[in-house]
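In the numbering used here, the protein residues as written are 102 to 210.
Shown next, in the form of structure tokens:
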């Protein structure tokens, strides 16, 4: 299995995109249910702040998981997936862990 993060932040998207992608509590649950309900994601969590929305996931198929997560965020935001994908970043394995600790430590906030 592979650890990955798919996200959008103030560094990757303008604020109007962040505003549209922002999730309330019910939408976080819907994104999690959709993502974990896909064939490629075993577990997931959402980090949802004013400056970023990130989905961390334990996946068994990289491309299928990226597609499932991206599609869920696009659906929730109303932004077409091909448009939103230009603002998303994807990290996996060691790079995903490094990114997570950078965010947690405030180095990327």
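Idealized CB from N, CA, C, for every residue including glycine.
Computed from a prediction, not measured in an experiment: that's the story for all the values here.
Which residue's Cα is closest to the Cα of residue 153: 179, 188, 195 and 193? Mapped onto the chain shown, residue 153 falls at position 52. Comparing Cα-Cα distances from residue 153 to each of 179, 188, 195 and 193, the minimum goes to 188.
Assign residue 159 to one of three DSSP states: helix, strand, or coil. Taking the first residue of the chain shown as position 1, residue 159 is located at position 58. In the three-state scheme derived from DSSP, where H, G and I count as helix and E and B as strand, residue 159 is classed as strand.
Using only the alpha-carbon positions, how far apart do residue 131 and residue 120 sit? What you label residue 131 is simply residue 30 of the chain shown in a count that begins at 1. What you label residue 120 is simply residue 19 of the chain shown in a count that begins at 1. The alpha-carbon atoms of residue 131 and residue 120 are separated by roughly 18 Å.
Counting C-beta neighbours from all protein chains within 10 Å, is the total for residue 199 16 or more, i.e. buried, or is it exposed? The residue labelled residue 199 in the question sits at position 98 within the chain shown. In the assembly as shown, residue 199 is an exposed residue. Its beta-carbon has fewer than 16 other beta-carbons within 10 Å.
Using the three-state DSSP reduction, which class does residue 206 fall into: helix, strand or coil? In the chain shown, residue 206 corresponds to position 105, counting from 1. It is coil, neither helix nor strand.
Residues in the same chain with beta-carbon distance under 7 Å from residue 190, minus the five sequence neighbours each way, listed in chain order, please. The count along the chain shown starts at 1 and reaches residue 190 at position 89. Only 108 and 113 meet the Cβ criterion.
Cα separation between residue 192 and residue 163? Translated into positions along the chain shown, residue 192 becomes position 91. Translated into positions along the chain shown, residue 163 becomes position 62. Straight-line measurement puts the Cα of residue 163 at about 10 Å from the Cα of residue 192.
So, with DSSP's three-state summary, where would you put residue 171? Residue 171 sits at position 70 when you count from the first residue of the chain shown. For residue 171, the three-state secondary structure derived from DSSP is helix.
Would you check if the distance between the CB atom of residue 173 and the CB atom of residue 136 is smaller than 7 Å? The residue labelled residue 173 in the question sits at position 72 within the chain shown. The residue labelled residue 136 in the question sits at position 35 within the chain shown. Residue 173 places its beta carbon less than 7 Å from that of residue 136.
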